[in-house]
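J.: This structure is in structure tokens; I'll ask about it shortly.
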Amino acid sequence: MDIAIIVGLDVISGIASLVLISAGLAVIFGMMKIINLAHGEFLMLGAYATVLSVSAGVNIWLAMLVIAPVFVGLVGVIVERCLIQFLYGRLVDTMLATWGLSLVIVGGTTMLFGNTIVGVASPLGGFSVGEYQSSLYTPFLAVMAILVMTGVWAVMRYTRAGLIARAVMQNPDMAATLGVNPARVYMATFGAGAAISGLAGGLLAPVAGVVPTMGAAYIAKAFITVVGGGTSILWGLITASGLFGFINQIAAFFTTPVFGEVILFIAAVVLIRMLPTGISGKFFKGRL
Amino acid sequence: MQKLNEMRVALICAVIAAAGVIAAPYYIDLFQIMQLTVFAAMAVLALSLGFIWGYGGILSFGQTSFFGLGAYAYAVAAINFGDSTGAIVMAILIPVIFAALLGYFMIYGGVSDVYLGVITLTVSLILFNLVNSTAGDFYKIGDARLGGFNGMPAIPTFNMPGDPGYILSPEQAWTVTGLALIVVYIGLRVLIASTFGRIIIAIRENETRAALLGYDPRFYKLLTFMIGGAIAGFAGALYVNWGAFVSPTIFALGLSAQIIIWVIIGGRGTLIGPVIGCLLMQWMVTAIGGQQALDANFILGAILIVFVLLVPKGIAPTVVDLVKSRLPKAKSDTANSNAKVKA
Numbered sequence: 002m003d004i005a006i007i008v009g010l011d012v013i014s015g016i017a018s019l020v021l022i023s024a025g026l027a028v029i030f031g032m033m034k035i036i037n038l039a040h041g042e043f044l045m046l047g048a049y050a051t052v053l054s055v056s057a058g059v060n061i062w063l064a065m066l067v068i069a070p071v072f073v074g075l076v077g078v079i080v081e082r083c084l085i086q087f088l089y090g091r092l093v094d095t096m097l098a099t100w101g102l103s104l105v106i107v108g109g110t111t112m113l114f115g116n117t118i119v120g121v122a123s124p125l126g127g128f129s130v131g132e133y134q135s136s137l138y139t140p141f142l143a144v145m146a147i148l149v150m151t152g153v154w155a156v157m158r159y160t161r162a163g164l165i166a167r168a169v170m171q172n173p174d175m176a177a178t179l180g181v182n183p184a185r186v187y188m189a190t191f192g193a194g195a196a197i198s199g200l201a202g203g204l205l206a207p208v209a210g211v212v213p214t215m216g217a218a219y220i221a222k223a224f225i226t227v228v229g230g231g232t233s234i235l236w237g238l239i240t241a242s243g244l245f246g247f248i249n250q251i252a253a254f255f256t257t258p259v260f261g262e263v264i265l266f267i268a269a270v271v272l273i274r275m276l277p278t279g280i281s282g283k284f285f286k287g288r289l
Numbered sequence: 070m071q072k073l074n075e076m077r078v079a080l081i082c083a084v085i086a087a088a089g090v091i092a093a094p095y096y097i098d099l100f101q102i103m104q105l106t107v108f109a110a111m112a113v114l115a116l117s118l119g120f121i122w123g124y125g126g127i128l129s130f131g132q133t134s135f136f137g138l139g140a141y142a143y144a145v146a147a148i149n150f151g152d153s154t155g156a157i158v159m160a161i162l163i164p165v166i167f168a169a170l171l172g173y174f175m176i177y178g179g180v181s182d183v184y185l186g187v188i189t190l191t192v193s194l195i196l197f198n199l200v201n202s203t204a205g206d207f208y209k210i211g212d213a214r215l216g217g218f219n220g221m222p223a224i225p226t227f228n229m230p231g232d233p234g235y236i237l238s239p240e241q242a243w244t245v246t247g248l249a250l251i252v253v254y255i256g257l258r259v260l261i262a263s264t265f266g267r268i269i270i271a272i273r274e275n276e277t278r279a280a281l282l283g284y285d286p287r288f289y290k291l292l293t294f295m296i297g298g299a300i301a302g303f304a305g306a307l308y309v310n311w312g313a314f315v316s317p318t319i320f321a322l323g324l325s326a327q328i329i330i331w332v333i334i335g336g337r338g339t340l341i342g343p344v345i346g347c348l349l350m351q352w353m354v355t356a357i358g359g360q361q362a363l364d365a366n367f368i369l370g371a372i373l374i375v376f377v378l379l380v381p382k383g384i385a386p387t388v389v390d391l392v393k394s395r396l397p398k399a400k401s402d403t404a405n406s407n408a409k410v411k412a
């Protein structure tokens, strides 16, 4: 019984971390239809912002929940202005440019901070289920995943900015005719997506080894989740994270984490064969 | 007619290059021959992406998957067979089978360019993690231990076909690798000039129109993808033959990015472009390796961004355009055709 609870917790934490590491990517993909290949580096920058703030004496909650997203959000806006805006309509070139950006950020961070692992202590304690121990940080991550999803939903559903964003998402030309400037919406979207990635990176900092190349450990799962989910930000992300997180954790429990990832990938490729536009392309078309 | 002339020029160049390959060991010292060998192996890899991207319109972000699989297939087979000839066949066969499976799911699923790029990239990431985790005695195929993160050392290099006792010297290995590059180049040239080549170019230009003419784009794209996988796998065998060593870093993101950079800076839609791009970048990366101030990733990334933004066509086509614009008659020709394309 205890083991079932622990595996259940594992599944929940797997799904929650998938939601967190993919949310920023999903927002950018859903709105702009581009895949930001520097996504892993945005996560990494968020983690570094957290670690450096904490070692400078800032409260860890402030560092994770405020400094990391604000800093990476700013980076996102700068990147959009200096790079992405010149490549609108050239989807593949955008991917290539963001891949170049990813290498630049990894190389730059390595030059600044060296290729060594830094980290912060996990802020919450642990709890036990029978003879098994687990960290309180796991349920905290799940709560944060739900909060991020709710936040995206509330902004999109109830604010004027969300209304404009949804209009541009559905039909950029029509939105432009009605006086919206899609370029500005895209800039804000990229910044928001980057900020969410930064938040995820900050939240991961206590449970991950923070190195310049840490992004590569997450992007495979994030890419699979977003591609499997499709362009609908919320529904695609929730369904794909739920499905893939479950498969991944169960497979990892019976084999190894690496084989869990392989099985997750095979499941995703089979899914893509059946639903080439992702889960949401089939079942939640045109929804958020 | 012009096509025939181009073919003739290419053949003459190839013969000159082949003569250069054979003559090189008499004029260049061993260290540089070794350098050239790995450059040539990488140039074969560049050709594989140059072909499927430039002519087939398939942008694979994970061409290293096939390169690495070829390298590992060669290593495992060479250790087990004790003879490199069958191992080279395996180095081509295994990546082709993998490309057929992966390509079937992606291409017959009809995924977009963006998805295809992301999926191929993800494959290389996962293969990296997978091979990385194969340390220990449990993971061995026949006599070959995969070795996980440490890789596989002391892999038998090429021997004379049919005579496992006769191991090729480094100079002979260079001749084989250099000639292999030329043979792959000519082979692709011929393939592109054939009916198959014209069909895949038609599909690249307009998939719907090609389909309406009775060619199944999915089938031809899958074949293109598999040919690319075969060439990349062969390049993997050449690479292992150079170093007698393979480790999971062969699947790493940095190399995947480099292949794309070779093709981009050399020029998409040409075959000589990727080779030039590869040689230039290999030479530059070797030069960067000697200093500490700038990180190699940083420079690679910056080059990729600059080329995507400023020279999207790559060096070879840009140079050709420049030369053409110097000739007054050709200039008005290109201007006219450009105008037609825009209209």
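Protein chains in written order, with the numbering used here: chain A, 2 to 289; chain B, 70 to 412.
Using N, Cα and C, we set each Cβ at its ideal position, and we do this for glycine too.
Tell me glutamine 134 (chain A)'s beta-bridge partners as DSSP assigns them.
T.: One-based indexing of the first sequence puts residue 134 (chain A) at position 133. Answer by DSSP bridge pairing, in chain order: A:Ser129.
J.: I'd like to know whether the C-beta atoms of isoleucine 148 (chain B) and isoleucine 224 (chain B) end up nearer to each other than 8 Å.
T.: Taking the second sequence and counting its residues from 1, one reaches residue 148 (chain B) at position 79. Taking the second sequence and counting its residues from 1, one reaches residue 224 (chain B) at position 155. A contact, by the Cβ cut-off of 8 Å.
J.: Using a beta-carbon distance below 8 Å, is threonine 257 (chain A) in contact with chain B?
T.: In the first sequence, counting from the first residue as 1, residue 257 (chain A) sits at position 256. Yes, contact with chain B.
J.: At what residue ranges does the region 165-205 of chain A contain a whole run of the alpha helix (DSSP H), taking only runs of 4 or more?
T.: 173-178, 183-205, all fully within the region 165-205 of chain A.
J.: By how many angstroms is the C-alpha of alanine 156 (chain B) removed from the C-alpha of leucine 199 (chain B)?
T.: On the second sequence, position 130 is the one that residue 199 (chain B) refers to. On the second sequence, position 87 is the one that residue 156 (chain B) refers to. In a straight line, the C-alpha of leucine 199 (chain B) is about 22 Å away from that of alanine 156 (chain B).
J.: Considering only their Cβ atoms, is the gap separating methionine 353 (chain B) from isoleucine 330 (chain B) smaller than 8 Å?
T.: On the second sequence, residue 330 (chain B) is found 261 positions in, with the first residue counted as 1. On the second sequence, residue 353 (chain B) is found 284 positions in, with the first residue counted as 1. Contact flag unset, no.
J.: Would you verify that the beta carbon of glycine 108 (chain A) is, or is not, closer than 8 Å to some beta carbon of chain B?
T.: Here residue 108 (chain A) refers to the residue found at position 107 when the first sequence is read from its first residue. So yes, glycine 108 (chain A) belongs to the interface.
J.: Which bits of chain A does phenylalanine 100 (chain B) rub up against, with CB to CB less than 9 Å?
T.: In the second sequence, residue 100 (chain B) corresponds to position 31, counting from 1. Within chain A, no residue comes near phenylalanine 100 (chain B); the closest Cβ sits about 28 Å away, beyond 9 Å.
J.: Since alanine 217 (chain A) meets chain B, which of its residues come closer than 7 Å, beta carbon to beta carbon?
T.: Reading the first sequence from its first residue, position 216 is the one you call residue 217 (chain A). What alanine 217 (chain A) touches in chain B: Leu194, Leu322.
J.: Report back the beta-carbon spacing between serine 233 (chain A) and arginine 288 (chain A) to the nearest angstrom; my notes put them in contact at under 8 Å.
T.: The sequence position of residue 233 (chain A) within the first sequence is 232, counting from 1. The sequence position of residue 288 (chain A) within the first sequence is 287, counting from 1. That pair is a contact at about 5 Å.
J.: Could you name the residues of the same chain whose beta carbon sits closer than 7 Å to that of leucine 272 (chain A), not counting the 5 residues immediately before and after it, in chain order?
T.: On the first sequence, position 271 is the one that residue 272 (chain A) refers to. Hits under 7 Å: Gly229.
J.: Cutting at 7 Å between CB atoms, please list the residues of its own chain near alanine 39 (chain A), excluding the five before and the five after it.
T.: Here the question's residue 39 (chain A) lines up with position 38 in the first sequence. Same-chain partners within the cutoff: Thr99, Leu102, Ser103, Ile106.
J.: In this structure, does DSSP put aspartate 390 (chain B) in helix, strand or coil?
T.: Counting from one through the second sequence, the residue named residue 390 (chain B) turns up at place 321. Aspartate 390 (chain B): helix per DSSP, three-state reduction.
J.: Which value, in whole angstroms, describes the spacing of the CA atoms of alanine 290 (chain A) and leucine 185 (chain B)?
T.: Because residue 290 (chain A) is not part of the residues shown, which for chain A are 2 to 289, the question remains open.
J.: Quick one: residues in its chain with C-beta nearer than 7 Å to the C-beta of isoleucine 236 (chain B), no 5 flanking neighbours on either side, listed in chain order?
T.: Residue mapping note: residue 236 (chain B) aligns to position 167 of the second sequence, counting from 1. Same-chain partners within the cutoff: Thr226, Asn228.
J.: Which residues mark the beginning and the end of the alpha helix (DSSP H) in which proline 233 (chain B) is found?
T.: Against the second sequence, residue 233 (chain B) aligns to sequence position 164. No alpha helix (DSSP H) contains proline 233 (chain B), which is instead part of the beta strand (DSSP E) from 232-236.
J.: In whole angstroms, give me the CA-to-CA distance for lysine 411 (chain B) and methionine 33 (chain A).
T.: For this step, residue 411 (chain B) is matched to residue 342 along the second sequence. For this step, residue 33 (chain A) is matched to residue 32 along the first sequence. Confidence at lysine 411 (chain B) is low in this model, with a pLDDT of 40, below 50, so its placement is unreliable and no value can be given for it.
J.: Rounded to a whole number of angstroms, what is the C-alpha to C-alpha distance between leucine 322 (chain B) and phenylalanine 197 (chain B)?
T.: The residue given as residue 322 (chain B) occupies position 253 in the second sequence. The residue given as residue 197 (chain B) occupies position 128 in the second sequence. Rounded to whole angstroms, leucine 322 (chain B) to phenylalanine 197 (chain B) spans 9 Å at the Cα level.
J.: Does any residue of chain E have a CB that is nearer than 8 Å to the CB of threonine 191 (chain B)?
T.: Among the chains of the structure shown, chain E does not appear; the protein chains present are A and B.
J.: Using CA atoms only, rank isn't needed, just tell me which of B:Ala306, B:Phe314, B:Arg77, B:Ser263 is closest to leucine 215 (chain B).
T.: Within the second sequence, numbered from 1, the residue matching residue 215 (chain B) stands at position 146. Taking only the C-alpha atoms, the option nearest leucine 215 (chain B) is B:Phe314.
J.: For leucine 26 (chain A), count the other beta carbons within 10 Å of its own beta carbon; 16 or more makes it buried, fewer makes it exposed. Which is it?
T.: For this step, residue 26 (chain A) is matched to residue 25 along the first sequence. Counting Cβ neighbours within 10 Å, leucine 26 (chain A) comes out buried, since at least 16 surround it.
J.: Using CA coordinates, which residue listed in B:Gly305, B:Val389, B:Ile357 is at the minimum distance from phenylalanine 136 (chain B)?
T.: Stepping through the second sequence from its first residue, residue 136 (chain B) is reached at position 67. Checking every option, the nearest Cα to that of phenylalanine 136 (chain B) belongs to B:Gly305.
J.: Taking DSSP as the reference, what is the three-state secondary structure of lysine 283 (chain A)?
T.: Here residue 283 (chain A) refers to the residue found at position 282 of the first sequence. Of the three classes helix, strand and coil, the one that applies to lysine 283 (chain A) here is helix, per DSSP.
J.: For a contact meaning CB atoms closer than 8 Å, what does phenylalanine 174 (chain B) contact in chain A?
T.: As a working mapping, residue 174 (chain B) is identified with position 105 in the second sequence. Ordered by position in chain A, the residues that pass the 8 Å Cβ test against phenylalanine 174 (chain B) are Val270, Val271, Ile273, Arg274.
J.: Below 8 Å on the Cβ atoms is my contact criterion, and I expect valine 183 (chain B) with leucine 92 (chain A) to pass it. Report the Cβ-Cβ distance as a whole number of Å.
T.: Residue mapping note: residue 183 (chain B) aligns to position 114 of the second sequence, counting from 1. Residue mapping note: residue 92 (chain A) aligns to position 91 of the first sequence, counting from 1. About 5 Å separates the two Cβ atoms, so the contact holds.
J.: State yes or no: is the C-beta of alanine 17 (chain A) within less than 8 Å of the C-beta of glycine 203 (chain A)?
T.: Stepping through the first sequence from its first residue, residue 17 (chain A) is reached at position 16. Stepping through the first sequence from its first residue, residue 203 (chain A) is reached at position 202. Against a cut-off of 8 Å, the Cβ pair of glycine 203 (chain A) and alanine 17 (chain A) comes out as no contact.
J.: What's the call for proline 230 (chain B), buried or exposed, on a 16-neighbour Cβ count within 10 Å?
T.: Counting from one through the second sequence, the residue named residue 230 (chain B) turns up at place 161. Flag for proline 230 (chain B) reads exposed.
J.: Report yes or no: do three or more beta-carbon pairs, one from the region 288-308 of chain B and one from the region 184-195 of chain A, lie closer than 8 Å?
T.: As far as the Cβ criterion goes, the region 288-308 of chain B does not touch the region 184-195 of chain A, which means the pair count is below three.
J.: Tell me, please, whether the CB atom of valine 169 (chain A) is closer than 8 Å to any CB atom in chain B?
T.: Working through the first sequence from its first residue, we reach residue 169 (chain A) at position 168. With 8 Å as the cut-off, valine 169 (chain A) does not count as an interface residue toward chain B.
J.: For a contact defined as C-beta to C-beta under 7 Å, what are the partners of glutamate 262 (chain A) on chain B?
T.: As a working note, residue 262 (chain A) is residue 261 in the first sequence. Chain B residues near glutamate 262 (chain A): Ile195, Asn198.
J.: Is proline 286 (chain B) close to chain A? Criterion is C-beta to C-beta, closer than 8 Å.
T.: Along the second sequence, one-based indexing puts residue 286 (chain B) at 217. Answer no: the Cβ-Cβ gap between proline 286 (chain B) and chain A never drops below 8 Å.
J.: Can you tell me the Cα-Cα spacing of threonine 51 (chain A) and alanine 279 (chain B), whole angstroms?
T.: Position 50 of the first sequence holds residue 51 (chain A). Position 210 of the second sequence holds residue 279 (chain B). When rounded, the distance between both Cα atoms is 53 Å.
J.: Using a Cβ-Cβ cut-off of less than 8 Å, give me the residues of the region 2-31 of chain A that come near chain B, in sequence order.
T.: Per Cβ criterion, the list is empty.
J.: Residues of the region 55-80 of chain A in Cβ contact with chain B at a cutoff of 7 Å, in chain order, please.
T.: If the cut-off is 7 Å between Cβ atoms, the region 55-80 of chain A has nothing near chain B.
J.: Answer yes or no: does any C-beta atom of chain A fall closer than 8 Å to that of leucine 138 (chain B)?
T.: Within the second sequence, numbered from 1, the residue matching residue 138 (chain B) stands at position 69. Closer than 8 Å: no.
J.: If you count every other CB in all the chains shown that lies within 10 Å of the CB of serine 406 (chain B), and 16 or more means buried, which is it?
T.: On the second sequence, position 337 is the one that residue 406 (chain B) refers to. In this prediction, serine 406 (chain B) has a pLDDT of 45, which is less than 50 and means its spatial position is unreliable; nothing more can be read from the coordinates.
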